[in-house]
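In our numbering, the protein residues as written are -2 to 167.
Written below as structure tokens is the structure these notes are about.
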């Protein structure tokens, strides 16, 4: 998803198209917030003591895409991409070696897997996996949660981007 592809779903879209449309809108919003910045700027944590950075948010949302659409929805047994047992929040602990190209590629790969896996389910279908709650989730719940997850973190991204270079809006 590129920023140029960002559009709100139609006002009269059916439920599934509405949910998928809003999720894609928020995915594109995050990409837009990162557009035009250097790796160094994307790694910046401009609001100490918070460890939030734009690059960390992209990596975090790649982990969420993977967790909800691969591990929970279809029951794949996968390790985290960035976290470890010793550092479960590893996506936020960046080094100079962490790049936008790698994070964007991983994020896009997880988004494509999410789309492929979700296409096999109806909104009412329950997940194969159960996640930490120990019970299956409907695809509808997963979509709604992911929209909420992106919307919340896009608010963070707005503030981070403004602090980095003054860019505001949309």
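Glycine included, each C-beta is placed from N, C-alpha and C at the ideal position.
Buried versus exposed call for residue i [16 or more other C-beta atoms within 10 Å across all chains shown]
| i | result |
| --- | --- |
| residue 99 | exposed |
| residue 88 | buried |
| residue 72 | exposed |
| residue 16 | buried |
| residue 2 | exposed |
| residue 59 | buried |
| residue 124 | buried |
| residue 53 | buried |
| residue 103 | buried |
DSSP beta-bridge partners of residue i
| i | result |
| --- | --- |
| residue 39 | For residue 39, which the question treats as bridged, DSSP gives no partner whatsoever. |
| residue 135 | 123 |
Whole-angstrom C-beta distance between residue j and residue i, which should lie under 8 Å
| i | j | result |
| --- | --- | --- |
| residue 160 | residue 44 | 6 Å |
| residue 169 | residue 69 | The displayed coordinates of the chain run from -2 to 167. Any statement about residue 169 would go beyond what the structure contains. |
| residue 147 | residue 13 | About 17 Å; that fails the 8 Å criterion. |
| residue 39 | residue 143 | Wrong, their Cβ atoms sit about 22 Å apart, outside the cutoff. |
| residue 22 | residue 5 | 6 Å |
| residue 11 | residue 18 | Wrong, their Cβ atoms sit about 10 Å apart, outside the cutoff. |
Close beta carbons around residue i, own chain, < 7 Å, minus the five adjacent residues each side
| i | result |
| --- | --- |
| residue 36 | 96, 97 |
| residue 41 | 50, 161 |
| residue 110 | 66, 67 |
| residue 64 | none |
| residue 26 | 3, 151 |
| residue 75 | 63, 67, 68 |
Under the three-state DSSP convention, the category residue i falls into
| i | result |
| --- | --- |
| residue 95 | coil |
| residue 50 | coil |
| residue 78 | coil |
| residue 116 | coil |
| residue 150 | helix |
| residue 60 | helix |
| residue 102 | helix |
| residue 13 | helix |
| residue 69 | helix |
| residue 3 | coil |
| residue 128 | helix |
| residue 156 | helix |
| residue 23 | helix |
Close Cβ partners of residue i (< 6 Å) along its chain, the five nearest in sequence each way excluded
| i | result |
| --- | --- |
| residue 137 | 120 |
| residue 62 | 107, 108, 111 |
| residue 8 | none |
| residue 114 | 66, 70, 71 |
Short CB-CB distance (under 8 Å) between residue i and chain C
| i | result |
| --- | --- |
| residue 134 | Absent here is chain C; the protein component of the structure consists of one chain. |
Sequence-distant residues of its chain with Cβ nearer than 8 Å to residue i (five each side left out)
| i | result |
| --- | --- |
| residue 135 | 120, 121, 122, 123, 124 |
| residue 153 | 49, 54 |
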